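Participant: Quick one: structure below, then a few questions.
Number of protein chains: 2
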Amino acid sequence: MKTLKNDRFLRALMRQPVDCTPVWMMRQAGRYLPEYRAVRAKAGDFLSLCKNAEFACEVTLQPLHRFDLDAAILFSDILTIPDAMDLGLYFVEGEGPKFRQCVRTELDVARLKPPKIETELDYVLRAVRVIRNALNGTVPLIGFSGSPWTLACYMVEGGASKDFRHIKAMMYNRPELMHQLLAVLTDTVADYLNAQIDHGVQAVQIFDTWGGVLSEPCYQAFSLDYMHAIVQKLKRKSEGRPVPVILFTKNGGQWLSAMVATGADALSLDWSTAIGAARQQVGKRVALQGNMDPALLYADKPVIRQEVSRILADFGAYNGHVFNLGHGIHQFVEPDKAKIFVDAVHELSVPYHQKN
Amino acid sequence: MKTLKNDRFLRALMRQPVDCTPVWMMRQAGRYLPEYRAVRAKAGDFLSLCKNAEFACEVTLQPLHRFDLDAAILFSDILTIPDAMDLGLYFVEGEGPKFRQCVRTELDVARLKPPKIETELDYVLRAVRVIRNALNGTVPLIGFSGSPWTLACYMVEGGASKDFRHIKAMMYNRPELMHQLLAVLTDTVADYLNAQIDHGVQAVQIFDTWGGVLSEPCYQAFSLDYMHAIVQKLKRKSEGRPVPVILFTKNGGQWLSAMVATGADALSLDWSTAIGAARQQVGKRVALQGNMDPALLYADKPVIRQEVSRILADFGAYNGHVFNLGHGIHQFVEPDKAKIFVDAVHELSVPYHQKN
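Chains as they are written, first to last, in the numbering used here: chain S, 104 to 459; chain H, 104 to 459.
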């Protein structure tokens, strides 16, 4: 194993002391960067970009050339698993992902074939290896997957949804069928993340984008319990170091204590949750990641710095904070604003890490 | 004043004893009803429907003919105020409301003309009178308005938005301009609701649809403080009875204590908040309204009854519960499902109201 030159991110996730607060941005490799748009145009479309390891590596590294980020995140799509299940994933510009086949009946669920990760998702694992090699130990690489509930939302609805009509009808009327689908996805997600770890990712994040559309009992039963099972199945150590697990349920701020009980190392917060109150609530049981409103990057430089300063102060002088946006960076942000944000985190956080 | 035959809804909002839990549904007059679609087709478009008091009365009463509801809600749009400010409101099928003119600059804000409620929004007040007369004392009539923040979102963005790019840029970069716009809207909303009360509504609800897209400090400063000011300005008594005020911030479950401090009589909860925990948190300071997931109305009859039963049990045998959905009823719901829901609330709640 190559020595990691900057391990702030991994240390903060394990609530160890750091010199300053580490920072990365969800969707940091993305459309707000002109160089990303150039590679994407070269690749042809979004899926071709994900499936070509060299292109995926190139866009993964792009934000690191511009900004002093403390982690890279594998460039991929959250729907690689259902795509590998032959549901016919495609993208319509401005409308998000869609599937040619929806999963709604008993028969649909029964004939789902869990993909063989090493062969059918080999392009993801190859991208992990290529990126790790290109990173050359500068910063750690984060792997990720959508949560079973989130993947199921797209598979049952056939794409993005406003009212989650079909999956909620399935969940309420056929809970056993819903559980059957989620169980298949849970095994696959765990295998997928473990394969990413085997091939070189140094931390993993589970994106539960749609857990927040559920009531508390349904969140527990149909989303959180399955993420709990995944956390239990994950390889928590690789290359002689812990591999931290981060859970992110968008709009999950009311359920932090339940999320802690999964055994995850860190929770990622959206910006609606006050990070100081969250820290008091979770205590020393997990690290926290977040949570600046991504729309702050539409603001002027001093305003961005002021908000970074406010969030740092709200978290306070404790171990276990990874700075991030509360959700993915918006496509219309000027890249210079991201630089101001990243630099502000490093600069303004130093006083919180000086131990007497 | 005519005697009100059924005052369960008003009593529950004031945390007084009732014989069973009152129930109504947000957007109960709406597209899921074929008779609504018929009147709307007759009216031509949505705005014409809102602006014709006889049509508005007809659709307000439609759900009451079908279901044993404990309240009627004025049929209107939340954007009547900006429409009366001559911003050119129009609707595009499937895309929601849009404005021909956005409010983004100092000049835009300076030239906004607060509407004279009694003349420029007279069609709303006329609808209130016609509906009150048609209700003939059967159930109370609820008036409503969008919150200043929510109205501002549409006015600044020029319509619905995913990332609230323009209003957040204004809020972060030009807070004084944002406050100026919100102050104008606050006075107008208070006047508007007071006029509705003068003309006959017996309770009012403030819909803060977009407060939940803010961080906690911004929610407090840019949404809640203005709702607080409105609550203070409202006529809290009319026709010899209290006129209760209900606040509804979608995705506001983390901020209930702050919402209580406005002096509102009741808080409306979306379904992500556990109503039992919410009741413990707010104690006897306010009533609670809600909060079944509207998607439950896609479920089968026994499942709907089971969920009603669960929510009733979670709230417990206390005064101060108005049953509702956690958000508006969806357009694809079969009307029979709404009947099952309403009847289940009345039937299953009786044991919780039997005092020893």
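By construction, the Cβ of each residue, glycine as well, lies at the ideal position given by its N, Cα and C atoms.
Owing to the predicted nature of the structure, the values given are computational and were not obtained by experimental measurement.
#1: First and last residue of the beta strand (DSSP E) that includes Ala-369 of chain S?
#2: Restricting to runs no shorter than 3 residues, where is the beta strand (DSSP E) found entirely within the stretch 296-322 of chain S?
#3: Would you report the Cα separation of Val-162 of chain H and Arg-134 of chain H, rounded to the nearest angstrom?
#4: Assign Glu-410 of chain S to one of two classes, buried (16 or more other C-beta atoms within 10 Å of its C-beta) or exposed (fewer than that).
#5: With a 10 Å radius around its C-beta and 16 neighbouring C-beta atoms as the bar for buried, classify Phe-158 of chain S as buried or exposed.
#6: Would you call the stretch 120-128 of chain H in contact with the stretch 137-148 of chain H, where contact means no fewer than 3 C-beta pairs closer than 8 Å?
#7: Please report the distance separating the alpha-carbon of Arg-344 of chain H from that of Leu-190 of chain H.
#8: Do Lys-338 of chain S and Asn-394 of chain S have their C-beta atoms closer together than 8 Å?
#9: So with Cβ pairs under 8 Å, would you call Ser-375 of chain S a contact of chain H?
#10: Can you tell me the Cα-Cα spacing of Val-233 of chain S and Ala-156 of chain S, whole angstroms?
#11: Could you spell out where the beta strand (DSSP E) holding Thr-352 of chain H opens and where it closes?
#12: Where does Gly-197 of chain S sit, in a helix, a strand or coil, going by DSSP?
#13: Take Ile-270 of chain H and list the residues in its own chain whose beta-carbon comes closer than 7 Å to its own, dropping the five residues that flank it on each side.
#14: Quick one: is Gly-355 of chain H buried, meaning 16 or more other Cβ sit within 10 Å of its Cβ, or exposed?
#15: Using only alpha-carbon positions, find the residue among S:Ala-380, S:Phe-112, S:Thr-183, S:Leu-152 that is nearest to Asp-171 of chain S.
#16: Quick check on the DSSP output: the alpha helix (DSSP H) that includes Gln-392 of chain H runs from which residue to which?
#17: Any idea if Arg-207 of chain H is buried or exposed, counting beta-carbon neighbours within 10 angstroms, 16 or more meaning buried?
#18: Mind checking the stretch 253-269 of chain H against chain S and listing, in chain order, the residues whose C-beta falls within less than 8 Å of any C-beta there?
#19: Tell me whether Gly-303 of chain S is buried or exposed, calling it buried when 16 or more other Cβ atoms sit within 10 Å of its Cβ.
#20: I'd like the span of the alpha helix (DSSP H) that includes Ser-248 of chain H, first residue to last.
#21: Going along the chain, which residues of the stretch 424-439 of chain H sit with their C-beta nearer than 9 Å to a C-beta in chain S?
#22: Would you please verify whether the beta carbon of Tyr-401 of chain H is less than 8 Å from any beta carbon of chain S?
#23: Could you spell out the range, first to last residue, of the alpha helix (DSSP H) harbouring Tyr-501 of chain S?
#24: Starting from the beta carbon of Gly-356 of chain S, find every residue of chain H whose beta carbon is closer than 7 Å, and list them in chain order.
#25: Taking only three categories from DSSP, how would you classify Leu-192 of chain H?
#26: Between the stretch 153-181 of chain S and chain H, which residues of the former have CB atoms less than 9 Å from a CB of the latter, in chain order?
#27: Taking a cut of 9 Å between CB atoms, which residues from the stretch 111-143 of chain S lie near chain H?
#28: Is the stretch 382-391 of chain S in contact with the stretch 365-372 of chain H, if contact means three or more CB pairs nearer than 8 Å?
#29: Locate the alpha helix (DSSP H) running through Leu-78 of chain S, then write down its first and last residues.
#30: Since Gly-262 of chain S sits in a beta bridge, which residues does DSSP pair it with?
#31: At a Cβ threshold of 8 Å, is Gly-315 of chain H touching chain S?
#32: For Asp-180 of chain S, I'd like the list of residues in its chain whose CB is within less than 6 Å of its CB, leaving aside the five on either flank, ordered along the chain.
#33: Since Leu-451 of chain H and Arg-382 of chain H are thought to touch, with beta carbons under 8 Å apart, how far apart are those beta carbons, to the nearest angstrom?
#34: To the nearest angstrom, report how far apart Phe-435 of chain S and Phe-178 of chain S are at their CA atoms.
#35: Taking the alpha carbon of Cys-321 of chain H as the reference point, which residue from H:Gly-240, H:Ala-361, H:Ala-398 has its own alpha carbon closest?
#36: Spatial neighbours of Gln-131 of chain S within its chain, please: C-beta separation below 6 Å, excluding the five flanking residues on both sides.
Facilitator: Walking through what the data contain:
#1: Segment 369-371, the beta strand (DSSP E) holding Ala-369 of chain S.
#2: Scanning the stretch 296-322 of chain S for uninterrupted beta strand (DSSP E) segments of 3 residues or longer gives 306-311, listed from N- to C-terminal end.
#3: Approximately 10 Å between the Cα atoms of the pair.
#4: With at least 16 other beta carbons inside 10 angstroms of its own, Glu-410 of chain S counts as buried.
#5: Classification for Phe-158 of chain S: buried.
#6: With a cut-off of 8 Å on Cβ pairs, the stretch 120-128 of chain H is not in contact with the stretch 137-148 of chain H, counting fewer than three such pairs.
#7: Answer to the nearest angstrom: the Cα atoms are 37 Å apart.
#8: Their beta carbons are not under 8 Å apart, which means Lys-338 of chain S does not touch Asn-394 of chain S by this criterion.
#9: Output row for Ser-375 of chain S: interface = yes.
#10: For the pair Val-233 of chain S and Ala-156 of chain S, the Cα-to-Cα distance works out to about 7 Å.
#11: Segment 348-352, the beta strand (DSSP E) holding Thr-352 of chain H.
#12: Here Gly-197 of chain S carries a coil assignment [DSSP, helix/strand/coil].
#13: Taking Ile-270 of chain H as the centre and dropping the five residues before and after it, the same chain places the C-beta of Ala-255, Cys-256, Val-259, Glu-260 closer than 7 Å to its C-beta, in chain order.
#14: Of the residues assessed, Gly-355 of chain H falls on the buried side of the cut-off, its CB having 16 or more other CB atoms within 10 angstroms.
#15: Ranking S:Ala-380, S:Phe-112, S:Thr-183, S:Leu-152 by Cα distance to Asp-171 of chain S puts S:Phe-112 first.
#16: No alpha helix (DSSP H) holds Gln-392 of chain H; the beta strand (DSSP E) holding it covers 390-392.
#17: Around the CB of Arg-207 of chain H, 16 or more other CB atoms lie within 10 Å, so the residue is classed as buried.
#18: Within the stretch 253-269 of chain H, the qualifying residues are Asp-266, Phe-267, Arg-268.
#19: So Gly-303 of chain S counts as buried.
#20: That residue, Ser-248 of chain H, is in no alpha helix (DSSP H); its beta strand (DSSP E) goes 244-249.
#21: Identification of residues in the stretch 424-439 of chain H having a C-beta nearer than 9 Å to some C-beta of chain S yields Gly-429, His-433, Gln-434, Phe-435, given in sequence order.
#22: It does; some Cβ of chain S falls within 8 Å.
#23: This structure cannot speak to residue 501 of chain S, because chain S is shown only from 104 to 459.
#24: For Gly-356 of chain S, the chain H residues whose Cβ falls inside 7 Å of its Cβ are Gln-357, in order along the chain.
#25: When secondary structure is reduced to three states using DSSP, Leu-192 of chain H falls in the strand class.
#26: Hits within the stretch: zero.
#27: So the list is empty, because no residue satisfies the distance condition.
#28: Taking a cut-off of 8 Å on C-beta distances, the stretch 382-391 of chain S does not touch the stretch 365-372 of chain H, as fewer than three cross pairs fall below it.
#29: Limits of chain S in this structure are 104 at one end and 459 at the other, which puts residue 78 of chain S out of reach.
#30: For Gly-262 of chain S, which the question treats as bridged, DSSP gives the partners S:Lys-201.
#31: Chain S, which has a Cβ nearer than 8 Å to the Cβ of Gly-315 of chain H, makes this yes.
#32: Around Asp-180 of chain S, the same chain offers Cys-153 as residues with beta carbons nearer than 6 Å, after the five sequence neighbours per side are excluded.
#33: Not confirmed; about 17 Å, so no contact.
#34: For Phe-435 of chain S and Phe-178 of chain S, the distance between alpha carbons rounds to 19 Å.
#35: By alpha-carbon distance to Cys-321 of chain H, the top candidate from H:Gly-240, H:Ala-361, H:Ala-398 is H:Ala-361.
#36: Result list for Gln-131 of chain S: Pro-166, in chain order.
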